[in-house]
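Data first, discussion second: the structure below is written as structure tokens.
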Amino acid sequence: MRPLIFVIGIVLAAPAYAYHLPVWEAGLGAASLRLPAYRGAKGQDFYWLPVPYLAYRGDTVKIDEEGVRGELYQGPRVLLDFSLAGNVPVSGDKYSARVGMRGLDPVGEAGPAMNVFLFQAANSSEHQFWLRLPLRAVVSVGDPLLEHQGWVFSPYLDWVWRRETGGSHWRTSLAVGPIFASEQYHNYFYEVTADDITAARAEYHPGSGYSGSRVTFTFSLNTRQWFIGAFARYDDLRGAEFVESPLVETDRYFALGIAVMKIFARSEARAAH
């Protein structure tokens with residue numbers, strides 16, 4: 006799954022920090038991304054995109070340096086929220102493994118996530134450790150307009166470091182965890198039906214289950230006038246349910262991205278957390 010939400014405006018905020026950023030910010034900038042077409046593809050795409058920047062840190066809905074979410078419940082150690090993710094379309098003719106096949110429509114993911122605060126470093130709230138448990142329904146957008154494409158469950162451990170210095174807000178995170186997906190989801194990306202068989206591409210039907218593991222590093226800096234965000238993600242597909250698919254050309258996935266935004270306007274009011 007491509008980190009499309011990073012492009013739209015690098016989002017989600019951890020709930021337990023006392024760094025009071027503005028309730029909203031708006032700006033404009035550019036993003037550069039290097040992404041494989043899909044997990045398992047060798048082909049790389051490079052993007053240079055103008056990107057609007059919008060951050061909103063309301064009591065329930067939040068859009069900021071980690072993603073887009075709506076908080077459903079917040080307790081002393083548990084946060085239940087609603088999050089989004091997405092993937093851009095993939096041409097059926099551009100990548101050798103999929104030549105002659107139907108392209109992949111853009112995909113959206115949405116669903117609840119339980120975030121469990123585990124512990125923080127002794128005598129410091131700057132280093133915190135979380136267990137995050139997102140479960141998302143997957144929907145493709147195309148023909149038909151909306152079509153359910155299964156489910157994805159991707160639990161991960163998340164180390165988060167935050168600091169405020171001189172009015173600048175720094176955030177770094179390192180997340181590690183496995184991915185599990187339904188048969189319908191794996192079929193959407195990796196199935197080869199009888200109609201798509203060629204001399205180099207045998208019929209293939211994956212099942213549900215393990216979908217690889219992932220390590221994600223993110224960094225962001227928010228000053229009074231600028232927002233800078235970057236990410237690096239590595240996926241290991243060895244042992245994944247679909248790894249024998251003819252559409253899998255490599256068992257590794259590596260993605261990079263950076264965005265620089267000029268902040269033109271922000272609220273005087275500060276977010277509660």
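To convert, count from 1 in the sequence shown and add 5; that's the numbering used here.
All residues carry an ideal CB built from backbone N, CA and C; glycine is no exception.
Burial is judged here by how many other beta carbons sit within 10 angstroms of a residue's own beta carbon; glutamate 273 has fewer than 16 and is exposed. Membership of histidine 153 in the beta strand (DSSP E) is indicated by the continuous run 151 to 158.
The continuous beta strand (DSSP E) containing histidine 174 extends over residues 173 to 186. Judged by their CB atoms, proline 57 and leucine 38 are not nearer to each other than the 9 Å cut-off. Closest option to glycine 212, judged by alpha-carbon separation, among Ser225, Thr223, Val197 and Thr221: Val197. Listed in chain order, the non-local C-beta contacts of alanine 237 below 7 Å within the same chain comprise Phe222 and Leu261, local neighbours out to five positions each way being set aside. Residue state for serine 250 is assigned as coil, using DSSP reduced to three classes.
Relative to alanine 180, the option among Glu188, Val28 and Trp166 whose CA is nearest is Trp166. The beta-bridge partner set that DSSP reports for aspartate 50 consists of Leu40.
Annotation: the continuous beta strand (DSSP E) that includes glutamine 125 extends over 112 to 125.
Proline 183 sits close to glycine 217, with the two beta carbons spaced by under 9 Å. Around the C-beta of glutamine 133, 16 or more other C-beta atoms lie within 10 Å, and the residue is accordingly described as buried. Annotated three-state conformation of arginine 82 is coil, per DSSP. DSSP places alanine 260 inside the beta strand (DSSP E), whose first and last residues are 257 to 271.
Counting other Cβ atoms within 10 Å of its Cβ, arginine 219 reaches 16 or more and is therefore classed as buried. The residue from Arg74, Val143, Thr170 and Leu150 with its alpha-carbon nearest to that of phenylalanine 185 is Val143. Taking C-beta atoms as the reference points, glycine 155 and serine 187 count as a pair closer than 9 Å. Put simply, of Ala35, Ala36, Tyr190 and Leu123 the residue whose alpha carbon is nearest the alpha carbon of arginine 44 is Tyr190.
Per DSSP, serine 96 lies in no beta strand (DSSP E) and is assigned neither H nor E.
The Cβ neighbour count for lysine 47, taken over all protein chains shown within 10 Å, is under 16; the residue is labelled exposed.
Close CB contacts of leucine 140 within its chain, under the 8 Å cut and outside five residues either way in sequence, are with Gly116, Pro117, Ala118, Trp156, Val157 and Phe158 (chain order). Look at serine 101 here: in three-state DSSP terms it is helix. Take leucine 85, set aside five residues on each side of it, and the residues of its chain with a beta-carbon closer than 8 Å to its own are Glu76, Leu77, Tyr78, Gln79, Pro117, Ala118, Met119 and Asn120, in chain order. For alanine 199, the secondary structure class from DSSP, reduced to helix, strand or coil, is helix.
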